[in-house]
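Order-wise, the sequence lines are chains A and B. Each residue of the first sequence is one higher than the last, beginning at 0 in numbering that gives the first Met the number 0. Each residue of the second sequence is one higher than the last, beginning at 0 in numbering that gives the first Met the number 0. Structure first, then comments.
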Amino acid sequence: MFLEILSRYGRVFLCGGIVCLIGQLLINKTKMTSARILVTFLLTGVVLEAVGVFEYIEEFALAGVTIPIIGFGKSLAAGAIEGARLGLFEACTYGMRSVAGGLTAAIVFGFVFALLFRSKSKTA
Amino acid sequence: MIGEKEYAALVKQASPKTNEAKTLFAAFCVGGVICMIGQAFSDVYAEFVPLDEKSISALVGMTMIFLGALLTGLGVYDKIGYYAGAGSIVPITGFANSIVSPAMEFHSEGIIFGMMARMFGVAGPIIVSGVCSSVAVGVIYYIAGAVA
Numbered sequence: 000m001f002l003e004i005l006s007r008y009g010r011v012f013l014c015g016g017i018v019c020l021i022g023q024l025l026i027n028k029t030k031m032t033s034a035r036i037l038v039t040f041l042l043t044g045v046v047l048e049a050v051g052v053f054e055y056i057e058e059f060a061l062a063g064v065t066i067p068i069i070g071f072g073k074s075l076a077a078g079a080i081e082g083a084r085l086g087l088f089e090a091c092t093y094g095m096r097s098v099a100g101g102l103t104a105a106i107v108f109g110f111v112f113a114l115l116f117r118s119k120s121k122t123a
Numbered sequence: 000m001i002g003e004k005e006y007a008a009l010v011k012q013a014s015p016k017t018n019e020a021k022t023l024f025a026a027f028c029v030g031g032v033i034c035m036i037g038q039a040f041s042d043v044y045a046e047f048v049p050l051d052e053k054s055i056s057a058l059v060g061m062t063m064i065f066l067g068a069l070l071t072g073l074g075v076y077d078k079i080g081y082y083a084g085a086g087s088i089v090p091i092t093g094f095a096n097s098i099v100s101p102a103m104e105f106h107s108e109g110i111i112f113g114m115m116a117r118m119f120g121v122a123g124p125i126i127v128s129g130v131c132s133s134v135a136v137g138v139i140y141y142i143a144g145a146v147a
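Right, here's the structure in full:
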């Protein structure tokens with residue numbers, strides 16, 4: 000039981016760490032901005048899910064690959080693929096539907112916390 | 000007057016040396032720990048929250064976004080980011096950070112054109128590329144399904 004948990008979280012740490020290390024390598028070597036790195040990783044997630052590889056990686060890496068922004072792309076693509084079985088309308092809208100929770104949280108919490116807190120550099 | 004080469008050498012000497020191995024190690028550790036926190040939420044929710052698997056994973060994402068936004072508001076996330084680099088950018092908490100950080104910074108320019116408009120400086124490209132690519136994937140799968 001303990002060993003099982005250790006191996007689970009060890010894999011999550013290792014895989015999540017590697018994904019971020021790749022991101023850091025991109026920053027160090029190519030001077031990419033954070034927006035560009037995030038878009039690159041997101042599209043990687045979309046492509047991995049679209050070609051059907053993502054579930055095999057996720058089986059091993061668990062949150063190590065779903066918590067990085069790659070997982071956001073995966074959800075978008077997975078929703079679209081699920082919708083495509085139902086019809087063209089669903090194929091276009093189910094991607095957005097599957098990330099509705101995350102986007103809502105990002106926008107609402109983003110707005111509320113920006114209202115509540117002031118930038119440190121401005122108040123200092 | 001100093002030559003171009005000498006100037007470049009001076010710049011190199013004066014600019015702070017970023018130890019590359021150190022930045023990679025920090026990104027690895029912080030990124031790994033953030034993912035482990037996400038996994039812990041996922042395991043706890045799976046045990047106690049009566050929702051299906053997909054909703055649970057969405058809920059985990061929302062929780063991490065909440066934490067990222069809160070820590071950004073408190074000014075903690077940017078301190079972590081100073082050391083962690085991509086370790087704090089690549090996880091979904093970094094997405095929340097990229098929304099809250101400019102929203103706070105441009106608060107003084109007003110709610111609508113400062114906060115609401117500037118929130119999407121980094122998040123905008125992510126949402127646009129994500130939604131467009133998901134529609135592309137959906138349409139391709141739909142056509143492939145119709146042909147087969």
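C-beta atoms are modelled at their ideal positions from N, C-alpha and C, and glycine is treated no differently. Computed from a predicted model, the values in this text were never measured in an experiment.
Asked                                                                                                                       : Found
CA-to-CA distance, E108(B) to V111(A), given in whole angstroms                                                             : 16 angstroms
Segment contact flag, the region 40-54 of chain B with the region 82-93 of chain A, C-beta cutoff 8 angstroms, min 3 pairs  : no
Cβ-based neighbour list, R84(A), same chain, cut-off 8 angstroms, excluding 5 preceding and 5 following                     : none
Helix, strand or coil at P124(B) according to DSSP, with G and I counted as helix                                           : helix
Chain-ordered residues of the region 52-75 of chain A with a beta carbon less than 9 angstroms from chain B                 : A60, L61, A62, G63, V64, T65, I66, P67, I68, I69, G70, F71, G72, S74, L75
I64(B) at chain A interface by Cβ criterion, 7 angstroms                                                                    : yes
Neighbouring residues, chain D, relative to F47(B) (Cβ below 7 angstroms)                                                   : Looking for chain D here will not work: the only protein chains present are A and B.
Option in L2(A), M0(A), L61(A), V98(A) with minimal Cα separation from C157(B)                                              : Limits of chain B in this structure are 0 at one end and 147 at the other, which puts residue 157(B) out of reach.
Status (buried if at least 16 other CB within 10 Å, exposed otherwise) for E3(A)                                            : exposed
Beta-carbon proximity of G137(B) to G94(A), cut-off 7 angstroms                                                             : yes
Unbroken alpha helix (DSSP H) run spanning E104(B), endpoints                                                               : 91-104
Rounded straight-line distance, which links the Cα of G144(B) to that of G120(B)                                            : 37 angstroms
Own chain partners of A26(B) with C-beta closer than 7 angstroms, once the 5 adjacent residues on each side are dropped     : A83, G84, A85, G86
Close beta carbons around N18(B), own chain, < 7 angstroms, minus the five adjacent residues each side                      : none
Under 7 angstroms between C-beta atoms of I68(A) and L37(A)                                                                 : yes
Spatial distance of A105(A) from G63(A) (CA atoms)                                                                          : 20 angstroms
Nonlocal neighbours in the same chain, by C-beta distance under 8 angstroms from I64(B), ignoring five residues either side : I91, T92, F94, A95
K73(A) classed as buried or exposed, judged by whether at least 16 other C-beta atoms fall within 10 angstroms              : buried
Sequence ranges, beta strand (DSSP E) only - wholly within the region 47-116 of chain A, length at least 3                  : none
P124(B) versus I26(A): straight-line alpha-carbon distance, rounded                                                         : 18 angstroms
Partner residues on chain B for S6(A), Cβ-Cβ distance less than 7 angstroms                                                 : The contacting residues do not exist; S6(A) stays about 12 angstroms from chain B at best.
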